[in-house]
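A.B. asks: Here the sequence shown stands for residues 6 to 123, numbered as in our numbering.
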Amino acid sequence: MTTATSPAIALRSAELLLDGSHGAAGGSARLAAFLASQALEELVVERCVALGIDIERPSMRSRSVILRSLDTPERADAAAMAWNRLSNACHHHAYELAPTVAEVRHLCGVVAVLLKSD
6 MTTATSPAIA LRSAELLLDG SHGAAGGSAR LAAFLASQAL EELVVERCVA LGIDIERPSM
66 RSRSVILRSL DTPERADAAA MAWNRLSNAC HHHAYELAPT VAEVRHLCGV VAVLLKSD
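1. Decide if Glu20 is buried, meaning its Cβ has at least 16 other Cβ atoms within 10 Å, or exposed.
2. Following the continuous alpha helix (DSSP H) through Ile71, name the residue where it begins and the one where it ends.
3. Tell me whether the beta-carbon of Arg52 lies closer than 8 Å to the beta-carbon of Leu72.
4. Consult DSSP for Pro83 and reduce its assignment to one of helix, strand or coil.
5. Excluding sequence positions up to five away, which residues of its chain have a Cβ less than 6 Å from the Cβ of Thr7?
6. Thinking C-alpha only, which one of Ala38, Glu46 and Arg80 is nearest Met2?
7. Rounding to the nearest angstrom, what Cα-Cα distance links Arg68 and Val49 in this structure?
8. Thinking Arg80 and Leu119 are a contact (beta carbons under 8 Å), I'd like their distance in whole angstroms, please.
9. Taking DSSP as the reference, what is the three-state secondary structure of Pro78?
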C-alpha cells in the first residue's frame, strides 16, 4: 500500500537534500530526483482531478497525454519534460554519470513553478 505525500512536502524534502540540510551519503542528487518525480506525479494527478478527470490508475506517460488534452500546452510540456528528465535521473546505469545537483535543482525549479501555478 502506498500513501500519497503532498507535492509541496516531497519537493521541499528534495530541495533540502540538494542543499545538504538533510544528510544522505552519496546519492543525494538521485534521491532528490526521486522525491521531485514523486511530487510531480502527485501534482499531475491533482491537476487532472481539478480539471475534472480522476486518473489514479494510468501510468505517468498516460497521465501526461491526458494532461496535454486538458491543460495548456506550455504546462503539459513542462510537466512531461520534467518527468522524463527526473525519471532518467532516478535510474542508475553503469555507463552514465549520476545526475548533478545543479541538474536536479533545475528540475525541482520546474516542478516548483508548476506547483505555484496550480
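Here a beta-carbon is modelled for each residue, glycine too, at the ideal position from N, C-alpha and C.
C.D. replies: Quick look at the numbers:
1. Locating residue 20 in the sequence shown gives position 15, where the first residue counts as 1. Under a 10 Å Cβ-count criterion, Glu20 is classified as buried, with 16 or more other Cβ atoms of the shown protein chains found around its own Cβ.
2. Working through the sequence shown from its first residue, we reach residue 71 at position 66. Here the alpha helix (DSSP H) through Ile71 covers Met65 to Leu75.
3. Within the sequence shown, the letter at position 47 stands for residue 52. Within the sequence shown, the letter at position 67 stands for residue 72. If you check the CB distance, Arg52 and Leu72 come in under 8 Å.
4. Your numbering for residue 83 matches position 78 in the sequence shown. Position check: residue 83 holds Ala in this sequence, whereas Pro was assumed. In this structure, Ala83 counts as helix in the three-state DSSP scheme.
5. Counting from 1 along the sequence shown, the entry for residue 7 is found at position 2. Residue confidence is low: Thr7 scores 48 on pLDDT, short of 50, so the model does not pin down where it sits. No coordinate-derived value is stated.
6. As shown, the chain starts at 6 and ends at 123. That puts residue 2 outside it, with no answer to give.
7. Position 63 of the sequence shown holds residue 68. Position 44 of the sequence shown holds residue 49. When the Cα atoms are used, Arg68 and Val49 turn out to be separated by approximately 7 Å.
8. The residue given as residue 80 occupies position 75 in the sequence shown. The residue given as residue 119 occupies position 114 in the sequence shown. In this structure, Arg80 and Leu119 form a Cβ contact; the two beta carbons are roughly 7 Å apart against a cut-off of 8 Å.
9. Here the question's residue 78 lines up with position 73 in the sequence shown. When secondary structure is reduced to three states using DSSP, Pro78 falls in the helix class.
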